[in-house]
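Trainee: Numbering (numbering that gives the first Met the number 0), first residue to last: 0 to 377.
We treat Cβ as the ideally placed atom computed from N, Cα and C, and that holds for glycine.
Have a look at this one before I ask anything.
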Amino acid sequence: MLNGRSIASAPAAFVLLLAMCLFPLSCSGKETKQAEAKKPNAKGAEATLSAEGYAAAHNVIKLGAPAPAVALRDAQGKSVTVASMKGKTFIIAFWHPTCKPCLDMMKELEKAFAADKAAVTILAVTADEGEKKNVEKEKTLAASGVKAKAVFDINNGTARAYEMTTVPYFALVDKQGNLRYAGSFFVSQPIRTMTFIEMAARVAKGIEVPRCELPGMVSASDYASVVGTQAPAFKLKGLDGLDQSPIFYKGFSRLLVTFWSPSCPHCKMQLPRVESFIRSDGRRLGVQGMTVVGLPEKSNPETPQYVSLIDQIAAQLQLTQPIALDYGGEADTLYKVRGVPSIYLVGKDGKVEHAWRGQFMFFGETVECVVSESGGGK
0 MLNGRSIASA
10 PAAFVLLLAM
20 CLFPLSCSGK
30 ETKQAEAKKP
40 NAKGAEATLS
50 AEGYAAAHNV
60 IKLGAPAPAV
70 ALRDAQGKSV
80 TVASMKGKTF
90 IIAFWHPTCK
100 PCLDMMKELE
110 KAFAADKAAV
120 TILAVTADEG
130 EKKNVEKEKT
140 LAASGVKAKA
150 VFDINNGTAR
160 AYEMTTVPYF
170 ALVDKQGNLR
180 YAGSFFVSQP
190 IRTMTFIEMA
200 ARVAKGIEVP
210 RCELPGMVSA
220 SDYASVVGTQ
230 APAFKLKGLD
240 GLDQSPIFYK
250 GFSRLLVTFW
260 SPSCPHCKMQ
270 LPRVESFIRS
280 DGRRLGVQGM
290 TVVGLPEKSN
300 PETPQYVSLI
310 DQIAAQLQLT
320 QPIALDYGGE
330 ADTLYKVRGV
340 PSIYLVGKDG
350 KVEHAWRGQF
360 MFFGETVECV
370 VSESGGGK
């Protein structure tokens, strides 16, 4: 744990979601000051990767892009792939035999699609544990009243590809094989303005779904007292030795301030999404990025090894955003950080426009929608 901020410090509800995880995930002048603040951390070819090249290299999943490949088989050993499902709208529903909400929601989906005459196929996905156990799980599924096809995730490859962090978890793929949504939620509760059931039915019928139908359009409730206020000012030394501060960007561009920790696996999943956005739509929308890492006081004998680890992670993730070193947690306290990763969108006027907490997909699309709906120019 660094500066008291690690996954262990996340709110109880967040920790509960993580505890439910049943598939392992592997992680691997002002003008002058602003120019200094933008100095890249990545070097050479790493910093010159195209936006598309970076997203591909770091497996950043895009909304509407081809769905990640799946590694599934049925109880009889027959392979199931995205290609084999082409021409069908389908849902990948991750579940577990001990998860009653998983079974209930799959039945809810089936009932709704039947009533709406929406042609949606459901693949009920759980871990591949060998033929005997797979057959048992197939029987459990059928006995519960779920009609979905039972398929089994070979070496949890599909769970990793779709970044499944808990069950139930759903991914929606259209007839062309493109990913239209993914996440963990109640299927009959609004994501923003429509439910997952409504979204899937529309996709199956070829009716467009609003692009900004994303849960991240609402700021994290933990940060309600920060959103709409002037972003707290701080001035910290960066990993590159230069001064870093949000005030360097005021009046020039919007700024994403990302708080993270090298001990946080969810941060390592979210940072490439932020970096990918900065390298692509961020440039078009006038949004730059800065990251802040909490550290013990400089006098702590372990601090140098933490700084070295930060440098390694920055290189591994090919980060070009400045990395501010928050010794003692000054910035952390000012921004009322309640867990990492936490991300704040600061407008040109210096006010916090939006705030997110935790790891989530479709980050770039969400920021683009927030900027667009706010008028784009603040």
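Would you say the region 351-364 touches the region 204-222, given that touching needs at least three Cβ pairs under 8 angstroms?
Mentor: yes
Trainee: Are there three or more Cβ pairs, one per stretch, closer than 8 angstroms when the region 270-282 is compared with the region 234-244?
Mentor: no
Trainee: I'd like to check one pair, Trp94 with Ala68: are the Cβ atoms closer than 7 angstroms?
Mentor: As a position in the sequence shown, residue 68 is number 69, starting the count at 1. As a position in the sequence shown, residue 94 is number 95, starting the count at 1. No; because the gap between Cβ atoms is not below 7 angstroms, this pair is not in contact.
Trainee: DSSP on His95, reduced to helix/strand/coil?
Mentor: Your numbering for residue 95 matches position 96 in the sequence shown. Looking at His95 - three-state DSSP - the assignment turns out to be coil, as it is neither helix nor strand.
Trainee: Would you grab the beta carbon distance between Val59 and Leu71 for me? Rounded to a whole angstrom, and I think it's under 8 angstroms.
Mentor: As a position in the sequence shown, residue 59 is number 60, starting the count at 1. As a position in the sequence shown, residue 71 is number 72, starting the count at 1. Not confirmed; about 23 angstroms, so no contact.
Trainee: Between Thr302 and the rest of its own chain, which residues show a CB-CB distance below 8 angstroms, the 5 nearest in sequence each way excluded?
Mentor: The residue given as residue 302 occupies position 303 in the sequence shown. Answer for Thr302: Leu294, Pro295, Glu296 and Tyr326, listed in chain order.
Trainee: Closest by CA to Glu107, which one among Lys131, Glu372, Lys146 and Asp280?
Mentor: Your numbering for residue 107 matches position 108 in the sequence shown. Nearest C-alpha to Glu107: Lys146.
Trainee: The alpha helix (DSSP H) that contains Ala203, what's its start and end?
Mentor: Here residue 203 refers to the residue found at position 204 when the sequence shown is read from its first residue. Looking at the DSSP string, the run of the alpha helix (DSSP H) that includes Ala203 is Phe195 to Ala203.
Trainee: Below 7 angstroms CB to CB, which residues in the same chain sit around His265 once its five sequence neighbours on both sides are set aside?
Mentor: Within the sequence shown, numbered from 1, the residue matching residue 265 stands at position 266. The answer, listed in chain order, is Ile6, Pro340, Gly357 and Gln358.
Trainee: What does the alpha-carbon distance come out to for the pair Met84 and Thr120?
Mentor: By 1-based counting over the sequence shown, the position of residue 84 is 85. By 1-based counting over the sequence shown, the position of residue 120 is 121. So the two alpha carbons sit approximately 9 angstroms from each other.
Trainee: How many whole angstroms separate the CB atoms of Ala396 and Val172, which I take to be in contact at a CB cut-off of 8 angstroms?
Mentor: No information on residue 396 is available, as it lies outside the stretch 0 to 377 that the chain covers here.
Trainee: Which two residues bound the contiguous alpha helix (DSSP H) that contains Leu333?
Mentor: For the purposes of this step, residue 333 is taken as residue 334 along the sequence shown, with counting starting at 1. Counting along the chain, the alpha helix (DSSP H) containing Leu333 begins and ends at Glu329 to Leu333.
Trainee: Hey, out of Gly288, Met360 and Asp348, whose CA is closest to Ser373's CA?
Mentor: Along the sequence shown, read from residue 1 onward, the residue named residue 373 stands at position 374. Out of Gly288, Met360 and Asp348, Asp348 has the C-alpha closest to the C-alpha of Ser373.
Trainee: Taking 8 angstroms as the cut-off, does the region 88-102 touch the region 308-322 (at least 3 CB pairs, one atom from each stretch)?
Mentor: no
Trainee: For Asn133, count neighbouring Cβ atoms within 10 angstroms of its own Cβ and tell me buried if that reaches 16, exposed if not.
Mentor: Here the question's residue 133 lines up with position 134 in the sequence shown. Classified as buried, Asn133 has 16 or more neighbouring CB atoms from the shown chains inside 10 Å of its CB.
Trainee: Please report the Cβ distance between Thr125 and Asp103, rounded to the nearest whole angstrom; I am assuming they are in contact, meaning their Cβ atoms lie under 8 angstroms.
Mentor: As a position in the sequence shown, residue 125 is number 126, starting the count at 1. As a position in the sequence shown, residue 103 is number 104, starting the count at 1. Beta-carbon to beta-carbon, Thr125 and Asp103 are separated by about 16 angstroms, too far to satisfy the 8 angstroms threshold.
Trainee: Assign Ala203 to buried or exposed, taking buried as 16 or more other Cβ atoms, counted over all protein chains shown, within 10 Å of its Cβ.
Mentor: As a position in the sequence shown, residue 203 is number 204, starting the count at 1. With 16 or more Cβ atoms within 10 Å of its Cβ, Ala203 is classed as buried.
Trainee: Jot down the residue ranges of each uninterrupted beta strand (DSSP E) in the region 259-347, minimum 3 residues, whole runs only, in chain order.
Mentor: Secondary structure within the region 259-347: the beta strand (DSSP E) runs of 3 or more consecutive residues, fully enclosed, are 286-294, 322-326 and 341-345 (chain order).
Trainee: From which residue to which residue does the alpha helix (DSSP H) around Tyr53 run?
Mentor: Position 54 of the sequence shown, counted from the first residue, corresponds to residue 53. From DSSP, the alpha helix (DSSP H) with Tyr53 extends over Ala50 to Ala56.
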